[in-house]
Amino acid sequence: MNINSRIAVLQQRHISLDKAVEIAQKSPGADHLEVSELKKKKLLLKEEISRLVQA
Numbered sequence: 014m015n016i017n018s019r020i021a022v023l024q025q026r027h028i029s030l031d032k033a034v035e036i037a038q039k040s041p042g043a044d045h046l047e048v049s050e051l052k053k054k055k056l057l058l059k060e061e062i063s064r065l066v067q068a
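Take a look at the structure:
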């Protein structure tokens, strides 16, 4: 898998996590721990994407 393909896959995962965070936050009785974990995963993906773009 080349870098551009890897970046595209990571961007799709980031978008999916973004939607999951939004849904989790809107649901009544949202599990704050779950939301925090999703946000951490999203941040890690963003950092990996940034590293690959700069490479």
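Heads up, the numbering used here is the position in the sequence shown plus 13, with the first residue counted as 1.
Backbone N, C-alpha and C define an ideal beta-carbon position, used for all residues, glycine too.
Values in this document were obtained by computation on a predicted structure and should not be read as measured data.
Point to revise | Member of Asn15, Ala21, Ser18, Arg26 whose CA lies at the smallest distance from the CA of Leu51 | key: Start at 1 with the first residue of the sequence shown, and residue 51 comes out as number 38. With distances taken between Cα atoms, Leu51 lies closest to Arg26.
Practice item. Would you give the residue range spanned by the alpha helix (DSSP H) that Asn17 belongs to? Key: The sequence position of residue 17 within the sequence shown is 4, counting from 1. Here the alpha helix (DSSP H) through Asn17 covers 16-39.
Check your understanding: In or out: Leu65 buried (at least 16 other Cβ within 10 Å) or exposed?
Key -> For the purposes of this step, residue 65 is identified with residue 52 of the sequence shown, where counting begins at 1. With fewer than 16 Cβ atoms within 10 Å of its Cβ, Leu65 is classed as exposed.
Practice item. Check the C-beta distance from Gln38 over to Val48 and give it rounded, since I have them as a contact under 8 Å. Key: As a first step, residue 38 must be located in the sequence shown, where it is residue number 25. As a first step, residue 48 must be located in the sequence shown, where it is residue number 35. Yes, Gln38 and Val48 are in contact; Cβ-Cβ is about 6 Å, under 8 Å.
Check your understanding: How should Leu46 be labelled, buried or exposed, when 16 other C-beta atoms within 10 angstroms of its C-beta is the threshold for buried?
Key -> Position 33 of the sequence shown holds residue 46. Answer is exposed; the Cβ neighbour count stays below 16.
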